[in-house]
Each structure stands twice: as C-alpha cells, then as structure tokens.
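Engineer: Each residue of the first sequence is one higher than the last, beginning at 1 in full-length UniProt numbering.
Every residue, glycine too, gets a C-beta built ideally from N, C-alpha and C.
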Amino acid sequence: MSNSGTKPGNGQHLHLIDGSAFIFRAYHALPPLTRKSDGLPVGAVAGFCNMLWKYIEDARGDDAPTHAAVIFDHGSVTFRNNIYDQYKSNRPDLPEDLKPQFPLTREATLAFNVASIEVPDYEADDIIATLSCQMRDAGGRVTIISSDKDLMQLVGDGVAMLDPIKNKLIGRDEVFEKFGVYPDRVVDVQSLAGDAVDNVPGAPGIGIKTAAQLIQEYGDLDNLLASAEQIKQPKRRQTLIDNAEQIRLSRRLVTLDCETPLDFGLDKLEVRTPDPENLISFLNKMEFRTLTKRVADRFDVDAPAPSPVPAPIPGSATTAPARATAEAPAAPDMPPIDRGAYVTISDEATLAAWLAEITDKGAVAIDTETTGLDEMRADLVGVSLCVEAGRAAYIPLGHVLGQADLFGGGARAEGQMALDRALALLKPVLEDPGVLKILHNAKYDWKILARYGIRMTPVDDTMLMSYALNAGRHNHGMDELSETYLHHSAQPIKDLIGSGKAQITFDRVAIDAATAYAAEDADVTWRLWQLFRPQLPAEGVDTVYETLERPMIEVLAGMEMTGVRIDPDHLRAMSGNFSQKMAQLEQEAESLAGTRFNLGSPKQLGEILFGQMNLTGSKTGKSGAMSTSADVLEDLAAEGHDLPARVLDWRQVSKLKSTYTDALPQHVNPETGRVHTSYSIAGAQTGRLASTDPNLQNIPVRSEEGRRIREAFVAGPGMRLVSLDYSQIELRILAHVADIPALRQAFLDGLDIHALTASQMFNVPIEGMDPMIRRSAKAINFGVIYGISGFGLARNLRIPRAEAQAFIDTYFQRFPEIRAYMDRTVADAKRDGFVRTLFGRRIHTPGINQSGPAVGGARRAAINAPIQGAAADIIRRAMIRMPEAIRDIPAKMLLQVHDELVFEVEESAVEPLITAAREVMEGAAEPAVKLSVPLLVDAGVGASWAEAH
DNA sequence: GCCCTCACG
DNA sequence: GACGTACGTGAGGGCT
Numbered sequence: 001m002s003n004s005g006t007k008p009g010n011g012q013h014l015h016l017i018d019g020s021a022f023i024f025r026a027y028h029a030l031p032p033l034t035r036k037s038d039g040l041p042v043g044a045v046a047g048f049c050n051m052l053w054k055y056i057e058d059a060r061g062d063d064a065p066t067h068a069a070v071i072f073d074h075g076s077v078t079f080r081n082n083i084y085d086q087y088k089s090n091r092p093d094l095p096e097d098l099k100p101q102f103p104l105t106r107e108a109t110l111a112f113n114v115a116s117i118e119v120p121d122y123e124a125d126d127i128i129a130t131l132s133c134q135m136r137d138a139g140g141r142v143t144i145i146s147s148d149k150d151l152m153q154l155v156g157d158g159v160a161m162l163d164p165i166k167n168k169l170i171g172r173d174e175v176f177e178k179f180g181v182y183p184d185r186v187v188d189v190q191s192l193a194g195d196a197v198d199n200v201p202g203a204p205g206i207g208i209k210t211a212a213q214l215i216q217e218y219g220d221l222d223n224l225l226a227s228a229e230q231i232k233q234p235k236r237r238q239t240l241i242d243n244a245e246q247i248r249l250s251r252r253l254v255t256l257d258c259e260t261p262l263d264f265g266l267d268k269l270e271v272r273t274p275d276p277e278n279l280i281s282f283l284n285k286m287e288f289r290t291l292t293k294r295v296a297d298r299f300d301v302d303a304p305a306p307s308p309v310p311a312p313i314p315g316s317a318t319t320a321p322a323r324a325t326a327e328a329p330a331a332p333d334m335p336p337i338d339r340g341a342y343v344t345i346s347d348e349a350t351l352a353a354w355l356a357e358i359t360d361k362g363a364v365a366i367d368t369e370t371t372g373l374d375e376m377r378a379d380l381v382g383v384s385l386c387v388e389a390g391r392a393a394y395i396p397l398g399h400v401l402g403q404a405d406l407f408g409g410g411a412r413a414e415g416q417m418a419l420d421r422a423l424a425l426l427k428p429v430l431e432d433p434g435v436l437k438i439l440h441n442a443k444y445d446w447k448i449l450a451r452y453g454i455r456m457t458p459v460d461d462t463m464l465m466s467y468a469l470n471a472g473r474h475n476h477g478m479d480e481l482s483e484t485y486l487h488h489s490a491q492p493i494k495d496l497i498g499s500g501k502a503q504i505t506f507d508r509v510a511i512d513a514a515t516a517y518a519a520e521d522a523d524v525t526w527r528l529w530q531l532f533r534p535q536l537p538a539e540g541v542d543t544v545y546e547t548l549e550r551p552m553i554e555v556l557a558g559m560e561m562t563g564v565r566i567d568p569d570h571l572r573a574m575s576g577n578f579s580q581k582m583a584q585l586e587q588e589a590e591s592l593a594g595t596r597f598n599l600g601s602p603k604q605l606g607e608i609l610f611g612q613m614n615l616t617g618s619k620t621g622k623s624g625a626m627s628t629s630a631d632v633l634e635d636l637a638a639e640g641h642d643l644p645a646r647v648l649d650w651r652q653v654s655k656l657k658s659t660y661t662d663a664l665p666q667h668v669n670p671e672t673g674r675v676h677t678s679y680s681i682a683g684a685q686t687g688r689l690a691s692t693d694p695n696l697q698n699i700p701v702r703s704e705e706g707r708r709i710r711e712a713f714v715a716g717p718g719m720r721l722v723s724l725d726y727s728q729i730e731l732r733i734l735a736h737v738a739d740i741p742a743l744r745q746a747f748l749d750g751l752d753i754h755a756l757t758a759s760q761m762f763n764v765p766i767e768g769m770d771p772m773i774r775r776s777a778k779a780i781n782f783g784v785i786y787g788i789s790g791f792g793l794a795r796n797l798r799i800p801r802a803e804a805q806a807f808i809d810t811y812f813q814r815f816p817e818i819r820a821y822m823d824r825t826v827a828d829a830k831r832d833g834f835v836r837t838l839f840g841r842r843i844h845t846p847g848i849n850q851s852g853p854a855v856g857g858a859r860r861a862a863i864n865a866p867i868q869g870a871a872a873d874i875i876r877r878a879m880i881r882m883p884e885a886i887r888d889i890p891a892k893m894l895l896q897v898h899d900e901l902v903f904e905v906e907e908s909a910v911e912p913l914i915t916a917a918r919e920v921m922e923g924a925a926e927p928a929v930k931l932s933v934p935l936l937v938d939a940g941v942g943a944s945w946a947e948a949h
C-alpha cells in the first residue's frame with residue numbers, strides 16, 4: 001500500500017466485533033449441530049469460531065488492527081427498559097438450544113485470546129460507542145465489524161463499519177444510502193421512523209424515507225419539532241405535534257451511550273496472538289474437527305485429534321489449490337443462508353405473485369420433494385422455488401398428517417393448495433422457453449414432473465456444471481458442493497425423515513419443517529448456479545457443458561422412462577435351477593472340507609483353505625486377510641484341489657442368482673411392466689455413464705451360463721431388440737490421439753487389430769497365427785489403454801513377470817508414439833492438474849503431484865482418462881442426436897452400455913433403424929473432431945438381448 | 001459402514 | 001532397491 005507508514009492519527013486501529021450479532025447469525029445460518037459425544041448444542045459456537053478465525057486470518061494484512069475486542073450484550077434488560085418498559089419487548093424468546101451456547105462463545109473468544117467485553121445494564125452497542133469515542137479521541141481509528149444499522153450513527157471521523165457478510169466497508173456515503181442523512185443525523189431519522197424490531201415507537205406513519213426528507217428540510221430533530229406547526233402536509237403536521245413526546249423518548253432509546261462505565265483502558269485491548277495450545281484445546285473440546293485441524297495447520301502443530309481427522313475437501317482453502325482453478329472461488333456477494341426466512345406458499349394468489357416475478361426475471365431455481373427416490377413411482381409432495389439468494393419458498397402439495405398414532409395419520413394436512421390447481425399455475429412457467437429452470441440433478445425432477453404432464457424446459461443443472469468444471473476433484477452432490485463452495489452445511493434429509501426402519505416418507509413431514517428444508521435446497525441450488533455459471537466459459541468447459549452434459553438430461557430421462565421389457569418367469573425358472581445347483585455344491589464342499597461352513601464367507605473359506613488344509617495362499621487384502629479371490633482359487637484348482645473348484649462354481653451361481661435372477665424381477669415396475677434403470681450422468685470420473693437401480697450395464701455376457709440372463713431381456717410383441725456397438729473404439733481413439741501410423745493404417749485397412757499387433761511385435765504373418773500369440777497382443781493392447789505395467793500384464797496372462805516386461809518393451813519399441821503419448825499426458829496432468837479429452841472434457845488428476853505409491857495409480861488414471869473419456873464423449877454425442885435421427889422410425893433407444901446402444905423397434909423397421917442409428921454413431925465425433933481412423937459399428941437383431949448382442 | 005468379491009465395458 | 005500395480009463402474013453378502 002502506498003500509504004503504509006503514514007497512517008493517520010497515532011497509528012492505532014481498534015477493531016470492535018459485534019459478538020451478539022455474530023452468534024445470532026451463526027445460529028440461524030447453520031444446522032442444529034450438536035457435540036457428538038454428549039449432544040450439547042454447539043452449532044452457533046461452531047459458526048462463531050469459524051467467523052472469528054476467518055476474521056483473524058483476514059485481518060493480517062498491512063491494515064491490521066492494533067487493538068481488538070469482541071463485545072457482547074450482558075443480558076436482555078438494560079437501562080433503556082427504565083426509560084421505556086416496552087423496549088425490545090417484542091423479541092421472541094431465545095431458542096432453548098441457543099441459550100447454553102452464549103457462555104461458550106465467551107469462552108471461545110478468550111481461547112482466541114481476544115478481549116471479551118460486556119457490561120451489566122448496557123447493550124453491546126453502547127460499549128462499542130464508548131470504545132469508539134475513546135479511541136477516536138485518542139487519535140486512533142476504529143472499525144466496527146457489524147452490519148447493525150443501529151451502529152451507523154457512529155460512522156465518520158475515523159470510525160468505519162465493516163459488513164462482515166458482504167465484506168464491504170460502510171462509510172458516510174453508505175450510511176446516507178441507508179438513511180438518507182449522514183451519520184450525525186441518523187439518530188434523528190431513527191427517532192422519527194422508529195424500529196419495529198427493537199420496538200422503538202417513533203412517529204406513527206413516518207418511515208425512513210419521510211423522516212430523512214423532514215430532517216433534510218429542517219436540519220435536525222429539535223428544529224423540526226420546534227417548527228412542526230409550519231409543516232405543509234396536514235397529516236404529517238398533526239402526527240409530529242401529537243407524538244412529540246414519543247419521538248423524544250425514541251431519541252433517548254436509539255442514542256448510543258458514549259459514557260458506558262468501563263473499568264479498563266484501551267491498552268487492555270491490544271492485539272495478542274492466540275496461544276495455540278489453549279485454542280486448540282478448546283476447539284478440540286468442542287469437537288470441531290475441521291477447524292481444529294485448520295488452526296493446528298496454521299500454527300504448524302499436530303492436531304490432537306483422538307479420532308481420525310477427515311480429509312480436507314479438495315478446493316477448500318486448507319488444501320493447496322490445483323492449478324486448474326486458482327482457488328475455490330469465494331462465494332459471491334450473498335446473504336447468509338437463513339432457514340427460518342423461507343416462505344410457505346399455500347394459496348393461489350401468493351403463488352401467482354411468485355410466478356409473475358419469476359416470469360419477469362426469466363430464471364428460477366427449483367427443487368421437488370417426493371415420497372421416494374424412484375422417479376417412476378414416487379409421488380410429488382411439494383415444489384420449492386428460489387428467485388434470488390436467500391429468497392425462496394415452498395409449495396406443499398401432498399403432505400399428510402404423519403406423527404399421529406395409527407388412527408390419526410394419513411389425513412391431508414391443512415394449509416396446502418390443491419395439487420391440480422398448483423400444477424396448472426406452474427406448468428406454463430415451467431414450460432416457458434423464456435424462463436430458465438435451474439435444478440440440481442435435474443433429470444430426477446424432470447422425470448417426476450413429466451409424470452404430471454409437465455415437460456420442463458429450458459433446464460440448467462448445477463450438478464452437471466460442477467461435473468464439467470471439477471470432475472475428478474470431488475463428487476457433485478448438493479450437500480457436498482454446499483459445504484465446499486458455500487461453506488454451508490445444508491440440512492440433512494435424515495433430520496426430517498429419519499433413517500433405517502423408522503424412516504418416514506417426505507409427505508409425513510410437518511409443513512414448516514419441510515419448508516425450511518426444501519426451500520433451502522432451492523436456495524443452495526440458486527447460489528451454486530450463480531457461482532458456477534460464469535466459471536464455465538472462464539474455465540473453458542462451456543462447450544462441454546452445453547454439448548455433452550446438458551442435453552443428456554432429456555435423452556436419458558426418455559430412455560429411463562421407456563424402460564426395458566423383461567421376462568420374469570424366465571428369470572424365476574433360472575433362480576430355481578440355481579438353488580438346486582448351489583445346494584449340491586454346498587454338500588460337496590462340506591464333505592471336501594470335512595465341516596459345514598458358509599461358502600459365502602471369504603473369512604471362513606480362508607480359514608479352511610489356508611488354516612485347516614494348509615494350502616499355500618499368498619495375497620493379503622487391505623484388512624490383512626487371506627485373499628480368496630477367483631484368481632487365487634483358480635490357481636489352487638489348477639493344482640488339482642477340488643474344494644476351491646467347487647467354491648468357484650458356487651460363487652458364480654450365487655452371484656448370478658442374487659444379483660440378477662432374484663433381483664431383476666423385483667425391479668419390474670407394476671404400472672409399466674418394465675424395468676427402469678437410472679443413469680448417473682455425473683457419477684464416473686471420465687464422462688462415462690453409470691447405471692443404478694438396477695445396474696443394467698453389467699448384465700452377464702462373458703460366461704455361457706450368465707449369457708442366458710440376457711434371454712430374459714425381450715422385445716414387446718411385434719418388436720425386435722437391436723444392439724449397435726462400437727468396434728474397438730478405445731483403441732481407435734488411442735491410434736488417433738497418440739498418432740500411431742501403423743495402428744491407424746490397420747484400422748483404415750479394416751484389419752484384425754490384435755493379429756496385426758502380434759504380427760508387428762513378433763514378426764509373424766497374420767495368416768495362420770497361433771491364437772496364443774494373438775491373445776498376448778490383445779492383452780497388451782488393452783493394457784496400454786490402462787497404463788500398462790509388467791506386473792499387471794504378467795498376472796493377466798499368467799506368465800512370468802520378466803516375460804511380460806519383455807513383451808511391453810517390444811511393444812513400445814515397435815510403437816514408440818505410444819510411449820510419447822503417455823509421457824505427454826502425464827506431463828500435462830502434472831502441469832495443469834487435469835487432462836482433457838478430444839472434446840474438451842476436463843478430468844482432474846489430484847493425486848499426480850503427490851509422492852508415494854499412490855502416484856502409480858494416478859499416472860495410470862491420467863493416461864486412461866482421455867481415451868475412456870473421449871469414447872464416452874462420442875457415444876454421448878450419438879445419443880444426443882439419436883432422437884431426431886430416428887424420429888420417423890417406430891423405435892426407441894432403451895439402454896447404453898458404454899460402447900453399445902440397445903433399441904426396441906417394430907419388426908418392419910429394423911433395417912431403417914440400423915441404417916439411421918449406425919450413421920449417427922459412426923459420425924458422432926464430427927464435426928467437432930475429424931478422427932484419422934474410421935469408427936465402425938456392429939449391429940445385431942433378435943427377440944432378446946442375447947440374440948441381438 | 002466397510003470389505004470382499006464379481007458382474008460389465 | 002522396495003514399494004505396490006492394470007482403467008472405469010455398481011450390487012450383494014458377510015461382518016463389525
């Protein structure tokens with residue numbers, strides 16, 4: 001700073017922190033956190049400590065305070081109650097769980113080694129006024145950390161205020177903005193306008209605007225009251241004359257007392273560094289683990305955490321920021337989240353008013369509440385709306401009385417609009433192309449609303465924005481993002497519906513509690529959107545979001561709602577079969593082991609194999625237990641041991657039964673008769689989708705036995721299933737991005753790529769090649785994509801490690817471009833903290849610059865990500881174009897399995913579908929990317945998925 | 001709630 | 001020279 005060393009006055013700078021305001025803000029902004037060990041409510045203390053710590057950290061610049069104190073109200077009764085017994089009498093009682101936290105905040109202040117001041121009979125504001133005067137008179141400066149308007153009368157003459165929420169200085173001009181007068185006349189305006197919050201009467205019918213106008217005209221309050229007779233407006237004149245005494249009383253109430261008796265001098269407030277031991281011990285006692293660690297790190301001492309300290313959140317201030325984004329961006333100028341401030345909408349007029357504002361504004365954050373997680377079955381319970389940070393509302397629609405006994409529950413709760421009326425009002429806005437709907441995980445809400453006849457558009461999704469910006473850094477659930485980016489812990493749903501057996505559905509939650517929860521989610525979504533939206537272009541992922549993420553919402557919603565038909569009888573028959581087989585194998589295993597044991601327990605199996613039978617096992621798992629994984633058992637079986645062979649058979653059957661033949665029929669939706677999976681768009685790090693409930697991306701195919709499960713995935717009457725899958729897409733992408741001429745040419749020539757690789761490596765002709773040689777080459781080709789190692793290849797091929805390493809060496813010799821690509825990719829990852837796919841998708845690689853054995857994994861992930869990710873991008877592009885391309889064909893896209901799309905099509909339209917879909921898939925990279933190798937799509941048709949694949 | 005195992009690309 | 005090791009997922013069962 002240019003003026004450093006030339007500070008005004010005596011160079012002293014006093015910071016006065018409005019402690020009571022801090023506490024209330026912390027209390028309302030944070031969830032009702034309790035201390036884990038004994039349930040003591042500590043939410044406000046936690047918030048208070050965080051703010052105090054942040055303040056101390058922030059105040060270390062070269063305008064740092066020389067003196068500081070936190071000021072508290074001593075009690076609720078003060079000398080002002082002698083002047084006017086109604087003063088502050090309309091304040092609601094303190095919440096029960098806040099009361100015990102007041103003494104703790106005093107203790108916290110002392111632990112931070114900041115002076116803590118309170119005086120009986122006086123308000124914190126009076127103490128602040130007195131100390132401000134003292135410091136100003138001593139020639140120093142004062143900064144009051146508060147946004148309380150009652151303190152604004154003190155501003156000026158070396159006294160400023162700092163709004164800690166907006167981090168904005170409040171000087172004379174800001175005060176004028178608020179009151180229409182400069183600080184020295186603020187008292188006059190307040191005396192006239194009164195204050196509903198503090199129950200200061202003022203003059204009835206006169207607000208701040210009028211008061212300011214009058215004071216400007218008459219100079220000051222005394223002059224105004226003396227000249228009241230001359231006021232032109234008759235009503236105002238009469239009001240002032242009639243209420244002169246009340247106005248004077250108000251002035252005594254709002255005027256801060258600069259003569260508060262204090263038994264110490266300013267020198268007692270000199271800034272002191274906290275004693276790390278004291279501070280950490282207090283924080284640890286409160287069980288604030290994150291803050292304890294933060295403080296410990298700051299002082300470079302060990303956190304005395306008895307329980308493990310959670311890993312720091314990537315992107316938070318405590319971790320070294322990745323270079324991708326300079327820092328976790330500070331939350332923009334937003335008020336703190338206040339769950340108590342949300343509105344419940346229970347009548348049409350109120351809803352109409354909100355919707356009018358939304359239409360006018362052109363954007364709204366939305367969240368729906370339902371009775372469950374299955375979008376195809378859950379019922380709508382309510383909708384929340386948010387129009388700006390902090391201003392949100394909840395429309396309860398399907399709440400029933402819940403907590404009542406067996407006979408009382410179930411009746412519709414009062415204070416709700418009729419569902420159809422609300423939806424009729426909402427529909428035009430939700431479908432209005434001029435109103436942007438902002439959601440978190442929009443596909444969920446989109447599907448729910450679709451079942452109520454609403455096709456929501458246009459839609460923005462903060463989950464997908466986070467994914468485009470930060471894939472690989474952290475997950476993208478709302479709660480996690482709220483913590484990381486808004487520094488706010490959203491209320492857990494468990495608080496409302498419980499968990500486990502006692503869990504209730506959301507429609508049984510009381511409406512006021514539901515409002516606080518649901519509107520908060522919309523509020524958080526809005527804030528995340530404000531934060532993320534400008535980052536997309538700034539971080540170069542706007543195109544990724546717009547072309548690869550956002551359009552997936554509707555495409556996938558359509559596929560999921562269509563669902564796939566299965567034949568439950570076929571599966572049940574298989575289950576019965578499997579049961580018999582398992583019983584048989586269990587019997588054989590029992591006689592081989594000489595004892596009855598649970599074949600499903602790796603622990604018991606390990607004891608028998610490696611204990612009783614004394615077989616040689618080697619590998620240990622994470623927990624130190626002996627591994628009984630398939631490859632271990634296969635080795636033992638190959639040595640001629642029968643028990644491991646039986647266990648392997650049992651495991652295969654058991655897996656097929658429990659995961660597939662038993663589970664899938666339970667997923668049939670009774671209304672549609674079909675199975676509806678759910679795809680996570682932002683689940684995988686690389687851009688791949690993931691399928692859940694049920695997972696239809698891991699239906700067996702590799703074993704003959706398992707493949708029969710695919711026979712149960714069938715087309716409807718008169719229909720066929722068509723499967724189209726990319727041939728070798730990842731190897732083709734590798735040939736392109738690594739620019740490997742030999743590989744490229746082989747793909748252009750349509751050669752058998754694994755045979756070609758073998759031929760080049762071992763100098764043997766492709767014609768009449770030994771299948772084992774081709775198999776080795778195939779394993780290497782796949783290994784390359786995964787970031788090959790001699791160890792991994794050796795294990796995969798079951799060959800000596802040296803031999804595997806020799807293969808790899810030969811491979812790199814023959815295709816040197818691959819080595820170059822790998823080195824380049826790892827270097828990029830180290831430099832940028834992320835890698836990119838051909839289509840611009842960013843995948844962060846946080847582990848790559850660390851040290852230790854984990855780096856190996858991070859390197860391999862970095863090498864794999866651009867390849868797997870580009871393949872994922874390509875099939876996404878195909879899926880997005882597909883609905884339009886097959887618009888006139890009686891066919892629907894049902895499933896995606898990473899490189900495969902499954903359609904259901906009318907028998908007569910099979911050929912047109914294959915032609916159209918293949919064209920889309922093979923051309924999906926273009927025009928964004930012109931690959932140097934062709935993409936090839938294989939097609940299959942059948943009555944079942946088994947036939948089609 | 002973690003670990004192991006195994007299904008898929 | 002030792003360390004651990006293929007990449008990416010989700011589900012079910014055992015066990016604490």
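Closer than 7 Å to a non-hydrogen atom of the ligand FAD - does that hold for the CB of residue 608?
Structural biologist: Because no ligand of any kind appears in the structure shown, any question about the ligand FAD cannot be addressed here.
Engineer: How long is the line joining the alpha carbons of residue 766 and residue 710, rounded to whole angstroms?
Structural biologist: 34 Å
Engineer: To which residues of the same chain is residue 755 closer than 8 Å at the C-beta, ignoring the five residues directly before and after it?
Structural biologist: 766, 769, 774, 777
Engineer: How close, in whole Å, do the beta carbons of residue 372 and residue 505 come, if the pair is a contact with beta carbons under 8 Å?
Structural biologist: 7 Å
Engineer: Let me check one thing: in DSSP terms, what residues is residue 67 bridge-paired to?
Structural biologist: Note: residue 67 sits in a beta bridge opposite 14, 270.
Engineer: Hey, is the stretch 893-910 in contact with the stretch 711-724, meaning 3+ C-beta pairs nearer than 8 Å?
Structural biologist: yes
Engineer: Assign residue 959 to one of two classes, buried (16 or more other C-beta atoms within 10 Å of its C-beta) or exposed (fewer than that).
Structural biologist: The question about residue 959 has no answer here: the residues shown for the chain are numbered 1 through 949.
Engineer: Per DSSP, residue 436 forms a beta bridge with which residues?
Structural biologist: According to DSSP, residue 436 bridges with 363.
Engineer: Per the DSSP calculation, residue 288 is bridged to which residue(s)?
Structural biologist: Per DSSP, none; premise fails for residue 288.
Engineer: Alpha carbon to alpha carbon, how far is residue 23 from residue 738?
Structural biologist: 58 Å
Engineer: By how many angstroms is the C-alpha of residue 671 removed from the C-alpha of residue 370?
Structural biologist: Near 18 Å, if we compare the C-alpha coordinates of residue 671 and residue 370.
Engineer: Just the Cα atoms here: how many angstroms apart are residue 865 and residue 576?
Structural biologist: 42 Å
Engineer: Could you tell me how far apart the beta carbons of residue 41 and residue 97 are, in whole angstroms, since I believe they sit closer than 8 Å?
Structural biologist: 4 Å
Engineer: Assess contact between the stretch 552-569 and the stretch 675-692, defined as three or more Cβ pairs (one per stretch) separated by less than 8 Å. Is contact present?
Structural biologist: yes
Engineer: For residue 277 and residue 148, what's the separation of their Cα atoms in angstroms?
Structural biologist: 34 Å
Engineer: Can you tell which of 115, 150, 588 has the C-alpha that lies nearest to the C-alpha of residue 21?
Structural biologist: 150
Engineer: In the DSSP output, what is residue 834 paired with across the bridge?
Structural biologist: Residue 834 is bridged by DSSP to 844.
Engineer: From what residue to what residue does the alpha helix (DSSP H) around residue 903 run?
Structural biologist: Unbroken run through residue 903 is the beta strand (DSSP E), 900-906; no alpha helix (DSSP H).
Engineer: Report yes if the CB atom of residue 175 is closer than 8 Å to the CB atom of residue 155, and no otherwise.
Structural biologist: yes
Engineer: Using 10 angstroms around the beta-carbon of residue 569, count the other beta-carbons present and answer buried if the total reaches 16, otherwise exposed.
Structural biologist: exposed
Engineer: Starting from the C-beta of residue 729, find all residues in its chain whose C-beta is less than 6 Å away, skip the five residues before and the five after it, and write them out in chain order.
Structural biologist: Within the same chain, 871, 899 come within 6 Å of residue 729 by CB-CB distance, once the 5 residues on both sides are set aside.
Engineer: Select from 787, 803, 567 the residue whose C-alpha is nearest the C-alpha of residue 820.
Structural biologist: Relative to the Cα of residue 820, the nearest Cα in the group 787, 803, 567 belongs to 787.
Engineer: Apart from the five residues on each side of it in sequence, which residues of its chain come closer than 7 Å, Cβ to Cβ, to residue 624?
Structural biologist: none
Engineer: Closest to residue 955 by C-alpha separation, out of 344, 725, 645, would be which residue?
Structural biologist: Residue 955 lies beyond the range of the chain shown here (1 to 949); nothing can be said about it.
Engineer: Between which two residues does the beta strand (DSSP E) containing residue 386 stretch?
Structural biologist: Note, residue 386: beta strand (DSSP E), 380-388.
Engineer: Mind reading off the beta-carbon distance from residue 382 to residue 397? Whole number of angstroms is fine, and I expect it under 8 Å.
Structural biologist: 5 Å
Engineer: To the nearest angstrom, report how far apart residue 405 and residue 501 are at their CA atoms.
Structural biologist: Summary for residue 405: the model assigns pLDDT 46, below 50, so the residue's position carries little reliability; its value from the coordinates is reported in the next sentence. Computed Cα separation, rounded: 17 Å.
Engineer: Pop quiz: residue 413 and residue 400 are said to be a contact at Cβ under 8 Å. What is the actual Cβ separation, rounded to whole angstroms?
Structural biologist: At roughly 6 Å, the Cβ-Cβ gap stays under 8 Å, so residue 413 and residue 400 are in contact.
Engineer: Residues bridged to residue 169 by DSSP?
Structural biologist: BP columns for residue 169 point to 162.
Engineer: I need the DSSP call for residue 934, collapsed to helix, strand or coil.
Structural biologist: For residue 934, the three-state secondary structure derived from DSSP is coil.
Engineer: If you compare alpha carbons, which of 518, 257, 223 is closest to residue 343?
Structural biologist: 518
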